[in-house]
Amino acid sequence: MDSKDIKLIIDGKRLDGRGFEDLRPIKMRVGVLKRADGSCYLEMGKNKVVAAVFGPREVHPRHLADPIKAVVRYRYNMAPFSVEERKRPGPDRRSVEISKVSREAIEAIVMKELFPRSGIDIFVEVLQADAGSRTACLNAASVALVDAGVPMKGMISSVAVAKVDDVLVLDPMKEEDNYGQADIPFAFFIRNDRIESIALLQMDGRVSKEEFVQALEMAKRGAMKIYEMQKEAIKTKYIMESEGEVNEIE
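For reference, each letter of the sequence shown is one residue, going 389 to 638 in the working numbering.
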């Protein structure tokens with residue numbers, strides 16, 4: 389079947405019943421990995437990801453150390469069982485590209501100058517993939533950095549906007565991502581409950597200038613909702629700790 393024959397908007401509703409600016413259900417748990425300095429498990433729609441942060445710590449190999457600031461390393465990986473057709477283990481072009489742009493987004497908020505000759509390693513693993521895994525991983529990584537106590541200027545909140553059936557929709561699901569006309573992942577640097585700047589912006593497909601402006605405003609509103617959930621998840625973790633409860637995955 390040609391993708392042009394697939395209807396993604398029916399009677400003014402998306403296939404999963406959401407409105408055009410509705411996020412998929414999001415769940416977060418902070419501090420889930422005992423051996424990591426900071427960690428976060430996140431579900432965003434059908435995406436299931438876990439982020440782990442190690443550091444600041446000594447860089448290995450040592451010749452990679454920067455005498456002026458910390459080196460941030462970000463590794464995005466999809467587990468072989470995370471997709472319907474089993475993925476070959478190890479990095480591919482897509483995971484290398486996502487690791488690079490995600491690292492650049494994270495570097496916008498980390499206060500690297502406080503830790504010369506040190507490294508901050510961020511590992512994000514996609515356990516179950518749906519559309520928008522890079523945005524889900526960035527949201528989890530940002531929370532994991534807070535959990536690790538890494539000094540930051542703010543937080544990263546990320547969400548995508550898609551164009552489907554000539555309509556812009558927030559946080560696209562798999563069908564909208566696969567058969568839509570455009571997909572635009574955003575990540576925002578948020579400080580003091582305000583969006584300061586765009587930390588990541590990519591686009592697959594085409595939209596008009598007017599549609600892009602509309603997509604940007606939709607993404608900002610969605611990112612602020614995610615930001616509030618990130619803050620709430622972090623608060624919940626420390627409330628549980630103060631009450632002697634454990635939030636780790638056994």
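Even for Gly, the Cβ is constructed at its ideal location relative to N, Cα and C.
Asked	Found
Which of helix, strand or coil DSSP assigns to glutamate 446	strand
Inter-stretch contact (C-beta, 8 Å, three-pair minimum) for the stretch 502–520 and the stretch 458–472	yes
DSSP three-state assignment for alanine 587, whether helix, strand or coil	strand
Sub-7 Å separation of valine 447 and alanine 440 beta-carbons	no
Presumed contact (8 Å Cβ cut-off) between glutamine 618 and methionine 543, rounded CB distance	6 Å
Three or more C-beta pairs below 8 Å linking the stretch 567–583 and the stretch 591–602	yes
Close-in-space but distant-in-sequence residues of the same chain around proline 444 (CB under 6 Å, 5 per side omitted)	Ala458, Phe503, Ser506, Ile508
Span separating the alpha-carbon of glycine 400 from that of valine 555	10 Å
Contact check, serine 545 vs isoleucine 614, beta carbons under 7 Å	yes
Alpha-carbon to alpha-carbon, isoleucine 486 and cysteine 428	19 Å
Residues near glutamate 473 in its chain [Cβ-Cβ closer than 6 Å; skip 5 each side]	none
C-alpha distance - isoleucine 397 paired with leucine 403, whole-angstrom precision	7 Å
Buried or exposed by the 16-neighbour rule on C-beta atoms within 10 Å, applied to serine 630	exposed
Own chain partners of glycine 407 with C-beta closer than 6 Å, once the 5 adjacent residues on each side are dropped	none
Nearest-angstrom Cβ-Cβ length linking asparagine 465 and valine 514, presumed shorter than 8 Å	7 Å
Whole-angstrom distance between aspartate 581 and cysteine 538, CA atom to CA atom	Rather than cysteine, the amino acid found at residue 538 in this sequence is valine. Rounded to the nearest angstrom, the two C-alpha atoms are 19 Å apart.
C-beta contact flag for methionine 432 and alanine 524 at 7 Å	yes
Cβ-Cβ distance between leucine 558 and glycine 610 below 7 Å	yes
Three-state secondary structure assigned by DSSP to isoleucine 627	helix
Proximity to alanine 494 [Cα-Cα], best of Met416, Ala575, Val484	Per the sequence shown, the amino acid found at residue 494 is isoleucine instead of alanine. Cα-wise, what sits closest to isoleucine 494 is Ala575.
Serine 596 - DSSP class collapsed to helix/strand/coil	coil
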